[in-house]
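Peer 1: Be aware that the sequence shown starts at 1, since it is given in the UniProt record's numbering, and climbs by one per residue. The structure that follows is given in the form of structure tokens.
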Amino acid sequence: MATESTKTKQSGAEKSLADDPADEAVSEPADQLVTEPADPQDAAYDERDPDAPGTAPGRRGDWKGGAFAVVSAGLGLASLTGTSFSDMLRERKALIGQINGAQGGGSAADQVNAVYGAPWHTAAVVNGIFAVLALVVGGLVLATLSGRPWARGWVKAVALGGVVLGLLGLVVAGGMYFDLLAAQPEVPSSPGG
1 MATESTKTKQ SGAEKSLADD PADEAVSEPA DQLVTEPADP QDAAYDERDP
51 DAPGTAPGRR GDWKGGAFAV VSAGLGLASL TGTSFSDMLR ERKALIGQIN
101 GAQGGGSAAD QVNAVYGAPW HTAAVVNGIF AVLALVVGGL VLATLSGRPW
151 ARGWVKAVAL GGVVLGLLGL VVAGGMYFDL LAAQPEVPSS PGG
């Protein structure tokens with residue numbers, strides 16, 4: 001037959017030692033006593049147990065925020081380094097410029113713009129789109145997690161990194177598009193003109 005203190009522990013309810021008979025309180029080993037820390041955020045609570053006291057609701061949903069934070073950081077990095085998609089569009093635009101130039105259309109400045117300028121601006125636009133996506137995704141993650149103090153710190157940090165990379169990517173893409181980082185090649189004027 002189980003003692004009353006054992007029944008109490010099995011049901012999950014707590015009972016003070018004053019309610020137990022003195023001989024049962026003494027006979028129970030000290031390692032079986034259930035103690036609670038004073039602070040619910042104490043490390044004694046197991047974060048993996050969703051039913052443990054002090055475990056905030058929504059902790060199991062952190063993987064979604066973490067996934068979107070990583071996506072934001074990846075998009076921000078892609079906006080700075082470029083992607084195979086932007087390379088493909090840039091090469092396509094350069095090929096179209098070469099084809100149009102081979103047909104004898106336009107001046108030398110137009111041909112330089114078609115072969116160099118248009119592909120450069122195409123890559124800038126694609127990288128800018130990736131930068132905007134990084135800003136939007138990272139900003140949404142940060143806005144969603146701002147009211148949740150129990151959200152994991154690394155999720156917020158990665159999302160913030162994605163936003164910062166997106167901002168840098170947007171600045172670089174703008175500099176590329178408006179020829180601030182590198183001027184478009186110019187055809188020298190003819191010596192006789």
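Cβ atoms here follow ideal geometry from the backbone N, Cα and C, with glycine treated the same way.
Excluding the 5 residues preceding and the 5 following residue 174 in the sequence, name in chain order all residues of the same chain whose CB lies nearer than 6 Å to its CB.
Peer 2: Contacts found: none.
Peer 1: Counting Cβ pairs closer than 8 Å, one from the region 69-79 and one from the region 156-169, do we hit at least three?
Peer 2: Flag = yes, the region 69-79 and the region 156-169 touch.
Peer 1: What does the alpha-carbon distance come out to for the pair residue 81 and residue 150?
Peer 2: Residue 81 and residue 150: Cα-Cα distance of roughly 34 Å.
Peer 1: Taking 8 Å as the cut-off, does the region 141-156 touch the region 83-95 (at least 3 CB pairs, one atom from each stretch)?
Peer 2: Output reads no: the region 141-156 does not touch the region 83-95.
Peer 1: Could you check the C-alpha separation between residue 97 and residue 162 for me, to the nearest Å?
Peer 2: Each residue's Cα considered, the two are about 35 Å apart.
Peer 1: Whose C-alpha, out of 178, 177, 165 and 138, is nearest the C-alpha of residue 159?
Peer 2: Taking only the C-alpha atoms, the option nearest residue 159 is 138.
Peer 1: The alpha helix (DSSP H) with residue 144 in it runs from where to where?
Peer 2: Element bounds for residue 144: 118-145.
Peer 1: Among 179, 157 and 184, whose alpha-carbon lies nearest the alpha-carbon of residue 70?
Peer 2: Per the Cα distances, 157.
Peer 1: Between 68, 141, 120 and 152, which lies nearest to residue 181 when the distance is taken from Cα to Cα?
Peer 2: Among 68, 141, 120 and 152, the Cα nearest to that of residue 181 is on 120.
Peer 1: With distances taken between CB atoms, is the gap from residue 188 to residue 112 smaller than 7 Å?
Peer 2: Their beta carbons are not under 7 Å apart, which means residue 188 does not touch residue 112 by this criterion.
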